[in-house]
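Per the UniProt record's numbering, the very first residue in the sequence shown carries number 1; after that it's consecutive.
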Amino acid sequence: MVYITEDMVRRRAEHNESEIFSLEEVSLHQQDIEKIEHLGTWCRELKILYLQNNLIDRMENLSRLKKLQYLNLALNNIEVIENLEGCESLQKLDLTVNFIGRLSSVETLRHNVHLRELFLVGNPCAEFQGYRQYVVTSLAQLKWLDGTKISRSERIGACQGLEEVRRRVWVQEDEYLKRRKKEKEEAERKGAGEDGGNEDDASNAAVCSEEDEEQQEKEFWHTPCSFTPESRLEAHRHLEEKRRAKEKSMVKTEKPSRTLITVDGRVLNVNEPKLDFSLTEDEDNNSIVLDLSVYRHMDSSLLDVDIQPTFARVSVKGKVIENLRSISHSSDGRMFQMVLPVEVRPDSSTALRSQTTGHLLLTMPRAKCEIKVTRTAPRPIRRSRSPEDRERRNKVLECLEVNPSRHRALALSSIVPHQETTEGPLEASRTAAPTAAGHDTSSEEFVDDPDVPPLV
1 MVYITEDMVR RRAEHNESEI FSLEEVSLHQ QDIEKIEHLG TWCRELKILY
51 LQNNLIDRME NLSRLKKLQY LNLALNNIEV IENLEGCESL QKLDLTVNFI
101 GRLSSVETLR HNVHLRELFL VGNPCAEFQG YRQYVVTSLA QLKWLDGTKI
151 SRSERIGACQ GLEEVRRRVW VQEDEYLKRR KKEKEEAERK GAGEDGGNED
201 DASNAAVCSE EDEEQQEKEF WHTPCSFTPE SRLEAHRHLE EKRRAKEKSM
251 VKTEKPSRTL ITVDGRVLNV NEPKLDFSLT EDEDNNSIVL DLSVYRHMDS
301 SLLDVDIQPT FARVSVKGKV IENLRSISHS SDGRMFQMVL PVEVRPDSST
351 ALRSQTTGHL LLTMPRAKCE IKVTRTAPRP IRRSRSPEDR ERRNKVLECL
401 EVNPSRHRAL ALSSIVPHQE TTEGPLEASR TAAPTAAGHD TSSEEFVDDP
451 DVPPLV
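Given below as structure tokens:
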């Protein structure tokens, strides 16, 4: 059984900043409420109240709502119109598709002098002969009945033969009440029989197969029955049991803890989220670069990066993506794990997000790095832009310098080296005459060995 609680009313009063004492309109439909209570104490300023499609069987605890103008109680289990005399400002009452069979109870609405619209369509009393005539003559202040305007001529015609109409209505009402009494007794006997059979059903619950459940479900919905408050409650309870059984079957079992590091300390590589990545080493900067292809349109506020000496961790949308080695992790997270080749420095690491591709770039410097000498690029000579320097440069004639040694054209005259001399060609080819000792005087280190025969 569902009760009207303060928390329920406050959740339905968000349009009034969750204040219920000054609430003028509230909707409590489809809440499976079976009893009206507390509204006359908490919400004295109510003008519009929606209670349709519930399980309310009696109109009660509404007399304190003096400012109530519209009350909707359609699709409930109400059988009698009562306890509305205190609703002095009531202008519209909707009782569509209820179980009102006592049509004479409509006369209690005479005290609601401001009542202009009344809906009784879908009730057993709406099938009585003379129903509209009886209601029109009983409520002189009424302007609309079941969505149809009451004309002046209709009201005058309804007053003719009023006694005969009332007598006929009372007879039909008595017949309905007798039939209703039998339906209640039959429902009680059926309920007692079901209570006795519940023990047998509990013992055979394990034996009952899925086909038997489907057969029982089919029989329940295809078995004809009279439309009564009891049958409506039975259908509601049946649906509630099915819903609870479905919720129990859908309870998720706890997932077993995943093994990211084995007992012997071996780290496993895991890529559950199926994200593309690349791990490279930047030799120039002595760092390791991890490029993780995070979703392009994901907001950066949903990313949480944690870099440790031996691993890095990225949390995406509440799901934990593990990069490198991690022992503690979320039970429902999707893991991406990879072993780093060397140890890194977390305090010097950086995380950047690409605004074009959305990729997450983690740059992690090595803990043990090598110092490399880098050559500085020569700075270009800056020229002065003063007018005097510009005028001086314009006056100087700039010539193109050509290096003859870099000339690549083939010169035939330079194939054989030629010694420059002032003598003629015959004199230049002639060599000096040998001396009497038989050796060249031009050589200072010459030693004449007599054992060596002379050259011919």
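We treat Cβ as the ideally placed atom computed from N, Cα and C, and that holds for glycine.
Exercise for review: Compare the beta carbon distance of S349 and L360 with 9 angstroms and say whether it is the shorter of the two.
Suggested key: If you number the sequence shown from 1, residue 349 lands on position 349. If you number the sequence shown from 1, residue 360 lands on position 360. No, Cβ-Cβ distance for S349 and L360 is not below 9 angstroms.
Practice item. May I ask you to list the residues that DSSP assigns as paired with Q133? Key: In the sequence shown, counting from the first residue as 1, residue 133 sits at position 133. Bridge partners of Q133: none, in fact.
When you compare the region 101-112 with the region 50-65, are there three or more beta-carbon pairs, one atom per stretch, that lie closer than 8 angstroms? no
(message) Out of D7, R152, Q129 and K92, which one is the CA nearest neighbour of I48?
(response) Here residue 48 refers to the residue found at position 48 when the sequence shown is read from its first residue. For I48, the nearest C-alpha among the options comes from K92.
Requested in this report: Please list the segments of the beta strand (DSSP E) lying wholly inside the region 110-170, counting only runs of 3 or more residues, in order along the chain.
Outcome: 117-119
- From the DSSP output, read off the bridge partner residues of F336. For this step, residue 336 is matched to residue 336 along the sequence shown. Per DSSP, N271.
Does DSSP put L233 in a helix, a strand or coil? Within the sequence shown, numbered from 1, the residue matching residue 233 stands at position 233. If DSSP states are grouped into helix, strand and coil, L233 belongs with the helices.
### Query
Thinking C-beta only, is L118 closer than 9 angstroms to L139?
The sequence position of residue 139 within the sequence shown is 139, counting from 1. The sequence position of residue 118 within the sequence shown is 118, counting from 1. For L139 and L118, yes; Cβs fall inside 9 angstroms.
| request: Kindly indicate the opening and closing residues of the beta strand (DSSP E) around N72. | output: Position 72 of the sequence shown, counted from the first residue, corresponds to residue 72. Here the beta strand (DSSP E) through N72 covers Y70 to N72.
| said: So, with DSSP's three-state summary, where would you put S27? | reply: As a working mapping, residue 27 is identified with position 27 in the sequence shown. S27: strand per DSSP, three-state reduction.
Bridge partner(s) assigned by DSSP for R366: Working through the sequence shown from its first residue, we reach residue 366 at position 366. Per DSSP, V344.
* To the nearest angstrom, how far is it from the Cα of E272 to the Cα of A351? -> For this step, residue 272 is matched to residue 272 along the sequence shown. For this step, residue 351 is matched to residue 351 along the sequence shown. Distance between the alpha carbons of E272 and A351: 22 angstroms.
Discussion item. Pull the bridge partners of E173 from the DSSP assignment, please.
Written reply: As a first step, residue 173 is located in the sequence shown; it is residue number 173 there, counting from the start. Bridge partners of E173 according to DSSP: none are assigned.
(message) I need the DSSP call for E281, collapsed to helix, strand or coil.
(response) Position 281 of the sequence shown, counting from 1, holds the residue named residue 281. If DSSP states are grouped into helix, strand and coil, E281 belongs with the strands.
> In whole angstroms, what is the alpha-carbon distance linking V452 and F446?
Replying inline: Taking the first residue of the sequence shown as 1, we reach residue 452 at position 452. Taking the first residue of the sequence shown as 1, we reach residue 446 at position 446. Going by the C-alpha atoms only, they are around 13 angstroms apart.
Checklist line | Rounded C-alpha distance that separates K274 from M250 | finding: Numbered from its first residue, the sequence shown carries residue 274 at position 274. Numbered from its first residue, the sequence shown carries residue 250 at position 250. Each residue's Cα considered, the two are about 27 angstroms apart.
Quiz item: From this set, L303, K66 and R166, which residue's C-alpha is nearest V113's C-alpha?
Solution: Walking along the sequence shown from the start, residue 113 turns up at place 113. It is K66.
Discussion item. Tell me whether the region 294-313 and the region 230-242 touch, counting them as touching only if at least three CB pairs, one residue from each stretch, are closer than 8 angstroms.
Written reply: no
Q) So does the region 7-18 actually touch the region 28-46, counting three or more Cβ pairs closer than 8 angstroms? A) Output reads yes: the region 28-46 touches the region 7-18.
Using CA atoms only, rank isn't needed, just tell me which of S18, K182 and E240 is closest to V2.
Looking up residue 2 in the sequence shown gives position 2. If we check each option's Cα against that of V2, E240 comes out closest.
In terms of alpha-carbon separation, which member of L279, G147 and Y134 lies closest to I156?
Counting from 1 along the sequence shown, the entry for residue 156 is found at position 156. The shortest C-alpha separation from I156 is found at Y134.
query = Can you tell which of L75, E79, S89 and N77 has the C-alpha that lies nearest to the C-alpha of L62?
reply = To locate residue 62, count along the sequence shown from 1; it is residue 62. When only C-alpha atoms are compared, the closest one is S89.
Fill in: Status (buried if at least 16 other CB within 10 Å, exposed otherwise) for R366
Counted from its first residue, the sequence shown places residue 366 at position 366. Buried, by the Cβ-count rule.
*Assign R313 to one of two classes, buried (16 or more other C-beta atoms within 10 Å of its C-beta) or exposed (fewer than that).*
Counted from its first residue, the sequence shown places residue 313 at position 313. Counting Cβ neighbours within 10 Å, R313 comes out buried, since at least 16 surround it.
inquiry  = On the criterion of 16 or more Cβ atoms from any shown chain inside 10 Å, does V294 qualify as buried, or is it exposed?
reply    = Within the sequence shown, numbered from 1, the residue matching residue 294 stands at position 294. Counting Cβ neighbours within 10 Å, V294 comes out buried, since at least 16 surround it.
Worksheet item: For residue 459 versus M335, is the C-beta distance shorter than 9 angstroms?
Response: Outside the displayed span of the chain (1 to 456) sits residue 459, for which this structure offers no information.
Quiz item: Can you give the Cα-Cα distance for L142 and C159, rounded to whole angstroms?
Solution: Within the sequence shown, numbered from 1, the residue matching residue 142 stands at position 142. Within the sequence shown, numbered from 1, the residue matching residue 159 stands at position 159. If you draw a straight line from the Cα of L142 to the Cα of C159, it comes to about 14 angstroms.
(request) Name the two residues that bound the continuous alpha helix (DSSP H) containing V9. (result) Start at 1 with the first residue of the sequence shown, and residue 9 comes out as number 9. Segment E6 to R11, the alpha helix (DSSP H) holding V9.
* To do: In the DSSP assignment, find the unbroken alpha helix (DSSP H) run with K47 in it and report its ends.
  => Numbered from its first residue, the sequence shown carries residue 47 at position 47. Where K47 is concerned, there is no enclosing alpha helix (DSSP H), given that its DSSP letter is neither H nor E.
Mapping the DSSP letters down to three states, classify D276 as helix, strand or coil.
Position 276 of the sequence shown holds residue 276. DSSP places D276 in coil when its eight states are reduced to three.
Where I150 and E175 are concerned, what is the direct C-alpha to C-alpha distance, given to the nearest angstrom? Taking the sequence shown and counting its residues from 1, the one referred to as residue 150 is at position 150. Taking the sequence shown and counting its residues from 1, the one referred to as residue 175 is at position 175. Counting only the Cα atoms, E175 lies some 28 angstroms from I150.
- prompt: Does the distance from the CB of L279 to the CB of V289 come in under 9 angstroms?
  reply: Here residue 279 refers to the residue found at position 279 of the sequence shown. Here residue 289 refers to the residue found at position 289 of the sequence shown. Contact flag set, yes.
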